[in-house]
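Okay, structure first, notes after.
Next up, the structure:
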């Protein structure tokens, strides 16, 4: 079936609605104006429907290219031609508009009132069906494999692509994506922008020839550049690696010794590229994605030297004409990241900052309904309340800060419990605890099925996973090497949660590692949330100990960088006692040196007190002796005066 036929079939499922005096009939590809029927091409109808979906909002040309053309077009930008054609058909004037207003340098806005029927459901304008698997991803991020079911984020995708184009044109070549945990930052890039950038011709001239991804949540400290090097090894042009074949460790060493080496490698790769078309595409580039950049300041294992190395490599990459870097970070760590990474703050200047917000109710509705339509799924309607399950999900997700991961997990759980006709039911929704309780219900069910000895290892696993800041209440997660768990019970718990898709198992530099599928698990599951609250002080003491040990080593193990006696040392010792397996040799050595210094200081204080006591005793004795001497002298003086008086009186009597 042709794309045109597919598009007409999809439009035919849509309800009729009004735009001012216009009656829009997508099912017939017709609009009725003043009693006159005007036929529209399918693409024109799609543009009109897209504007109606965002009535009153400014819709950029990039957003329309994504929603209507899906990024595939040739020649000049077709959006302006489509808008001009629609205006001619309805007799609208761009200088005094009644329907479509042009917002200079921003896009278009439908200013006429839009009236949808109560049962209006926006159908998918899509050329393919999705029937082989779930159209939802649970707690995982969307990627290019799920681009066909990634909906509701065209506005943010357009903003991101516009920022990338502006940064390439301004020669800064870096975009920083910032947003709260759970707002869909990673999915926006992987499933929204990258598939458009990697298609033939790219997106409006902006094209990613090869994409490399680096997740800093897996960095264990001191190996940040190693993770970047491992990502860069995946860059290819014409099926040939951009960097000379070598191990990630060798690549990392080359970057540390001479960061400009990557510039030479990229330029050489483009010189030997056989395609002439590449030279004619000034915005064609190699893309490096750095996810979870907040680990640079959130992880106590990453110090000043690692951040300095990162800045040098980042500078070299951004100075390369054919490279582009996109950095993803959580908004709660943004101020600290900007303070610690001035190179990052400088490079994102201009248009390189993209704030990602949680989707609006209308966008959430698209996220829920459109993938279901493509997969042949339906939502039950409650016969008593006459409410539809998709509407209930939309309203519940609009009130949640962790909307997207909770929504995707809930939809995935409903998909697994669908009936034979593909209907998602209220009974299944209530069974999993609704949107708010679905994630906690799943985690608690998996935990309850484990043996008692495995359940007791939860403390050990959570102490490895959770990172709490010493100066704030922020909670983040990190990737953990399997070797850090120690006992088999902890391994069994991790494996159970991986099978339940609550944890993710992966390889970190060839070694087995794991992490949470999404940080929302740590906030929504009561056991994890309560454990974090109860152990906040302990975890913060552990984080301070790690930073202190790193600084102590960097400063040459000088004694003035040891832990001070009192609360700093006592809390560090408590953390070491309760979390003995989480300390490295440097931290243990710092504790021993600090204890030795504390004991020496205590001995010196005791000796000083003893000496002071001796001096005080001697002074008291001398004072007592002096007082006795004064008393004895005073007594003798009194006796002498009495004798003198007696003798004078006796002499006077004799003289008389």
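Residue numbers (my numbering): 282 to 937.
We put the beta carbon where it would ideally sit given N, CA and C, even for glycine.
All values derive from a computational prediction rather than experimental measurement.
| Buried or exposed by the 16-neighbour rule on C-beta atoms within 10 Å, applied to residue 935 | exposed
| request: Taking 8 Å as the threshold, find out whether the segment 764 to 774 comes into contact with the segment 805 to 815 through three or more Cβ pairs. | output: Fewer than three Cβ pairs drawn from the segment 764 to 774 and the segment 805 to 815 lie within less than 8 Å of each other, which leaves the two stretches out of contact.
| request: Express the C-alpha separation of residue 384 and residue 319 in angstroms, rounding to a whole number. | output: So the alpha carbons of these two residues sit roughly 26 Å apart.
| request: Determine the direct distance from the alpha carbon of residue 553 to that of residue 945, and round the result to whole angstroms. | output: Since the displayed the chain opens at 282 and closes at 937, residue 945 lies outside it and no answer follows.
| query | If residue 378 and residue 364 are in contact, beta carbons under 8 Å, what's the gap, nearest whole angstrom? | reply | Not quite, the Cβ-Cβ distance comes to about 11 Å (not below 8 Å), so this is no contact.
| message | Measuring CB atoms only, is the segment 543 to 552 touching the segment 473 to 482, in the sense that at least three cross pairs come out at less than 8 Å? | response | no
| message | Do residue 594 and residue 506 have their beta-carbon atoms positioned less than 9 Å apart in this structure? | response | yes
| request: Could you tell me the distance, in whole angstroms, from the CA atom of residue 661 to the CA atom of residue 721? | output: 24 Å
| query | Who does residue 634 pair with in a DSSP beta bridge? | reply | 457
| query | Exposed or buried, what is residue 806 when buried is set at 16 or more other beta-carbons lying within 10 Å of its beta-carbon? | reply | buried
| field | N- and C-terminal bounds of the beta strand (DSSP E) containing residue 789 | value | 784 to 789
| said: Which residue marks the beginning of the alpha helix (DSSP H) containing residue 796, and which one marks its end? | reply: Counting along the chain, residue 796 falls outside any alpha helix (DSSP H), though it belongs to the beta strand (DSSP E) covering 792 to 797.
| message | Considering only their Cβ atoms, is the gap separating residue 331 from residue 394 smaller than 9 Å? | response | no
| Between residue 422 and the rest of its own chain, which residues show a CB-CB distance below 7 Å, the 5 nearest in sequence each way excluded? | 467, 468, 471
| Below 8 Å, can you find three or more Cβ-Cβ pairs linking the segment 785 to 799 to the segment 814 to 834? | no
| request: Within the segment 532 to 610, note down every full beta strand (DSSP E) run reaching 3 residues or more, in order along the chain. | output: 565 to 572
| field | Contacts around residue 636, its chain only, beta-carbon distance under 8 Å, and the 5 residues preceding and following it disregarded | value | 459, 460, 612
| To the nearest angstrom, how far is it from the Cα of residue 406 to the Cα of residue 433? | Low local confidence applies: a pLDDT of 43 at residue 406 is under 50, so the model's placement there is unreliable, with the coordinate-based value given in what follows. Rounded to the nearest angstrom, the two C-alpha atoms are 13 Å apart.
| Cβ pair residue 349, residue 390 closer than 9 Å | no
| query | When the Cα atoms are used, what is the spatial distance from residue 609 to residue 570? | reply | 8 Å
| field | Any non-hydrogen atom of the ligand ADP within 8 Å of residue 757 CB | value | This structure lacks the ligand ADP, and indeed carries no ligand of any kind.
| request: Look at the alpha carbon of residue 732 and the alpha carbon of residue 777, and state the distance between them as a whole number of angstroms. | output: 11 Å
| query | Do you know whose CA, among 446, 576, 521, lies nearest residue 508's CA? | reply | 576
| request: Within its chain, find whatever has a CB closer than 7 Å to the CB of residue 724; leave out the 5 residues flanking it on each side and keep chain order. | output: Closer than 7 Å at the Cβ level, and outside the excluded window around residue 724, lie 783, 802, 806.
| query | Looking at C-beta atoms only, is the number of pairs between the segment 678 to 686 and the segment 758 to 766 that lie closer than 8 Å three or more? | reply | no
| How many whole angstroms separate the CB atoms of residue 655 and residue 430, which I take to be in contact at a CB cut-off of 8 Å? | 6 Å
| message | Since residue 536 and residue 499 should fall inside the 8 Å C-beta cutoff, what is the C-beta to C-beta distance between them, to a whole number of angstroms? | response | The pair is not a contact, with the Cβ atoms about 18 Å apart (cut-off 8 Å).
| DSSP state of residue 669, grouped into three classes? | strand
| query | Looking at the structure shown, is residue 935 part of a helix, part of a strand, or coil, going by DSSP? | reply | helix
| Applying the criterion that 16 or more other CB atoms from any shown protein chain within 10 Å of the CB defines a buried residue, is residue 573 buried or exposed? | buried
| task | Just tell me which of 298, 435, 882, 923 has its CA closest to the CA of residue 645. | result | 435
| message | Along the chain, where does the beta strand (DSSP E) containing residue 304 start, and where does it finish? | response | From DSSP, the beta strand (DSSP E) with residue 304 extends over 303 to 306.
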